[in-house]
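**Student:** Sequence lines, in order, name chains A and B.
The first sequence maps to residues 1 to 113 in my numbering.
The second sequence maps to residues 114 to 224 in my numbering.
Every residue, glycine too, gets a C-beta built ideally from N, C-alpha and C.
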Amino acid sequence: NAGVTQTPKFQVLKTGQSMTLQCAQDMNHNSMYWYRQDPGMGLRLIYYSASEGTTDKGEVPNGYNVSRLNKREFSLRLESAAPSQTSVYFCASIWVAGDQPQHFGDGTRLSIL
Amino acid sequence: AQSVSQHNHHVILSEAASLELGCNYSYGGTVNLFWYVQYPGQHLQLLLKYFSGDPLVKGIKGFEAEFIKSKFSFNLRKPSVQWSDTAEYFCAVKDTDKLIFGTGTRLQVFP
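1) For the structure I just gave you, are there three or more beta carbon pairs, one from the region 44–54 of chain A and one from the region 99–112 of chain A, closer than 8 Å?
2) Within the continuous beta strand (DSSP E) that includes Asn65/A, where are the two ends?
3) Of the residues Pro224/B, Leu161/B, Ser116/B and Gly217/B, which one's Cα is nearest the Cα of Asp38/A?
4) Rounded to a whole number of angstroms, what is the C-alpha to C-alpha distance between Ala129/B and His123/B?
5) Rank Arg36/A, Asn70/A and Gln85/A by C-alpha distance to the C-alpha of Gly63/A and give the top, closest one.
6) Can you tell me whether DSSP reads Lys171/B as helix, strand or coil?
7) Determine, using beta carbons only, whether Arg77/A comes closer than 9 Å to chain B.
8) Is there a Cβ from chain B that is less than 9 Å from the Cβ of Ser93/A?
9) For the candidate residues Val60/A, Trp95/A, Tyr89/A and Lys57/A, whose alpha-carbon lies nearest to that of Thr20/A?
10) Can you pull the chain B neighbours of Phe90/A, defined as C-beta to C-beta under 8 Å?
11) Looking at C-beta atoms only, is the number of pairs between the region 126–146 of chain B and the region 23–43 of chain A that lie closer than 8 Å three or more?
12) Can you pull out the residues from the region 191–221 of chain B whose beta carbon lies closer than 7 Å to at least one beta carbon of chain C?
Below is the structure:
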């Protein structure tokens, strides 16, 4: 099924461990986004990439890094995981930012102990 | 920067009741507005969007929303809800090249 693919779907980490969340889209979209979703707080933008080769901070970037590897792939890295980063992470993509609805992946449920 | 307020955090309805979920954005000018739905355990899906033109927007599954510029509002409505509408609903507004989401409204519909 074409669209936005996120891996892994679930992950449990210990505090201080690192990991990379992967996101790939096959719709030739220019812009890609990483959000975290927490109860009662909606979706908060972590980082986004308006086009290949560019990345920008969103609302809650601290503790995260991103890489726009190519047009298809946009990864999110936690260098030293903290319990406050326990969340559901969604990747999204769009062809022309703002003029079309974003397409979302299925999410990664991340727990940090 | 734009912000979005959804004042209804949790709504409980019986089937066939009418629904209205509030959404307000922070400032005017040209706005692009969206409503997304997230069914339990799933990702967000677009319900409807407003870019310009008719302020009454029809979406999927019988939902509609009305853009009222003077009130900075984009409320979501459905005349008769079904049990399958149980989900979380998010309003969003475009801010330059990204979307700003509200905190969401959890809707529970009981048979």
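**Tutor:** For this structure:
1) no
2) Tyr64 to Arg68
3) Gly217/B
4) 18 Å
5) Gln85/A
6) strand
7) no
8) no
9) Tyr89/A
10) His156 and Leu157
11) no
12) Among the protein chains of the structure shown, namely A and B, there is no chain C.
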